[in-house]
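Taking it in order: structure first as structure tokens, then the write-up.
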Amino acid sequence: MPYEALVLADSINPAGVRLTTLQIRYPRMVHAELMTHRDLSRGTSSSRAIPARVIRRQVRTDPAPPVFWGANQRGMQAAQQLAGGRLSVAKWAFFQSRWFMLLVHWLLEKVGLHKQLTNRLLEPWMWVTVIVSSTQWNNFYALRCHKDAQPEIRRIALLMRWAMRRSEPRTLQAGEWHRPFFRAEDVHAANVAALDFTPPSSRPEWITKYDLVANYIACGRCARVSYLTQDGRRDVREDLALATERLAPSGHNSPFEHVAMALPTDERCGNFRGWKQMRKFLPNEDGNATRWENSTDGEEELIN
Numbered sequence: 001m002p003y004e005a006l007v008l009a010d011s012i013n014p015a016g017v018r019l020t021t022l023q024i025r026y027p028r029m030v031h032a033e034l035m036t037h038r039d040l041s042r043g044t045s046s047s048r049a050i051p052a053r054v055i056r057r058q059v060r061t062d063p064a065p066p067v068f069w070g071a072n073q074r075g076m077q078a079a080q081q082l083a084g085g086r087l088s089v090a091k092w093a094f095f096q097s098r099w100f101m102l103l104v105h106w107l108l109e110k111v112g113l114h115k116q117l118t119n120r121l122l123e124p125w126m127w128v129t130v131i132v133s134s135t136q137w138n139n140f141y142a143l144r145c146h147k148d149a150q151p152e153i154r155r156i157a158l159l160m161r162w163a164m165r166r167s168e169p170r171t172l173q174a175g176e177w178h179r180p181f182f183r184a185e186d187v188h189a190a191n192v193a194a195l196d197f198t199p200p201s202s203r204p205e206w207i208t209k210y211d212l213v214a215n216y217i218a219c220g221r222c223a224r225v226s227y228l229t230q231d232g233r234r235d236v237r238e239d240l241a242l243a244t245e246r247l248a249p250s251g252h253n254s255p256f257e258h259v260a261m262a263l264p265t266d267e268r269c270g271n272f273r274g275w276k277q278m279r280k281f282l283p284n285e286d287g288n289a290t291r292w293e294n295s296t297d298g299e300e301e302l303i304n
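This is the structure:
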């Protein structure tokens with residue numbers, strides 16, 4: 001599969017602030033360059049979560065290629081691409097080197113090493129899929145669409161900007177919700193699920209049970225970076241359980257940043273303007289009710 005940038009949800013609040021959520025796919029080797037932008041909310045397909053055999057198949061059949069095979073020179077940017085025999089050797093060596101690491105990866109899986117370590121070995125050839133949401137894109141596009149950006153991150157930034165230009169955002173009134181991965185065909189299932197859903201006692205009274213359920217479904221899917229469960233199925237109940245029983249209680253709150261309520265103004269809330277993320281409605285949205293200064297959990301391992 002090639003580079004990809006798809007608009008999942010695109011909304012404008014009454015003050016004219018646009019919130020856009022995209023699903024993007026690009027080489028994992030430049031993932032850190034997206035992570036430096038703090039105005040962006042991100043959710044990433046995890047090397048720790050994907051089965052080793054799935055990662056191995058992807059790297060074997062569809063390795064992520066460099067966009068530009070730059071010749072070595074001083075500085076951070078390569079001005080000229082390798083040519084002729086040097087280019088052929090560079091491409092051959094880059095892709096052939098993965099076979100040895102695939103063998104090591106398979107061997108480590110066979111001896112029982114967990115995928116949170118084994119999968120890291122294949123990241124130079126892996127693709128990564130990311131859900132990214134923001135109300136402020138200027139700095140990201142100014143830096144990552146620039147000719148001095150690394151070509152791999154520049155390619156996905158250009159595709160993202162192009163996708164946003166072609167997208168027509170939906171106007172929402174104050175109090176309405178931006179929900180990636182939630183579509184019209186999910187409304188009935190969400191209404192049914194809301195019938196026996198027990199909302200948390202901390203919720204604002206004006207948020208209906210249906211809105212809570214729909215939000216949690218969307219958040220669960222954002223956590224998977226997919227409509228589908230890890231078993232390749234669509235299951236509203238599993239999406240709801242993932243968000244309410246696993247993510248929120250454990251403090252894994254970043255998937256709740258992509259679902260947001262339209263505010264009437266352009267005021268800042270978290271890393272967005274004009275929108276209040278579902279995360280802000282969670283109790284202890286910083287992830288833990290216990291202050292870190294009072295916690296000693298795990299320190300005995302360092303001492304011993």
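Counting in my numbering, the sequence shown runs from 1 upward without gaps.
From the three backbone atoms N, C-alpha and C, an ideal C-beta is built for every residue, glycine too.
Because the structure is a prediction, the values reported are computed rather than measured.
Three or more Cβ pairs drawn from the segment 7-17 and the segment 173-193 lie within less than 8 angstroms of each other, which places the two stretches in contact. For A52, the uninterrupted alpha helix (DSSP H) segment begins and ends at A52 to T61. For secondary structure counted as the beta strand (DSSP E) over 3 or more consecutive residues, the segment 81-154 holds these complete runs in sequence order: 127-134. The C-alpha of I24 is placed about 17 angstroms away from the C-alpha of W125. Judged by beta-carbon spacing, V213 lies beyond the 8 angstroms limit of A241, meaning their Cβ atoms are not closer than that value. Remark: C-beta atoms of H105 and R56 approach each other more closely than 8 angstroms. Distance check between F181 and each of N139, P199 and V225 places V225 closest, using alpha-carbon atoms only. Spatial neighbours of R246 in its own chain (CB-CB distance under 8 angstroms, excluding positions within 5 residues in sequence) are listed in chain order as H252. Here the segment 37-49 makes no contact with the segment 147-154; the two share fewer than three CB pairs at distances below 8 angstroms. Taking 8 angstroms as the upper bound for CB-CB distance, C219 and A243 are in contact here, some 5 angstroms apart.
The alpha carbon of R60 has as its nearest neighbour, out of S133, W127, S250 and Q73, the alpha carbon of W127.
In the DSSP assignment, I217 falls within the unbroken alpha helix (DSSP H) covering K209 to R224. Per the C-alpha coordinates, the member of P255, S254 and R273 positioned closest to A262 is R273.
A residue is called buried once 16 or more other Cβ atoms fall within 10 Å of its Cβ, and E299, having fewer, is exposed. When the five nearest sequence neighbours on each side are left out, the beta carbons in the same chain lying within less than 6 angstroms of the beta carbon of L82 are those of W69, A71 and A90, in order along the chain. In this model, E301 and E293 are separated by some 17 angstroms (Cα to Cα).
Three or more Cβ pairs closer than 8 angstroms define a contact, and the segment 128-142 meets that threshold against the segment 28-42.
Annotation note: the segment 259-295 contains no uninterrupted alpha helix (DSSP H) run of length 4 or greater.
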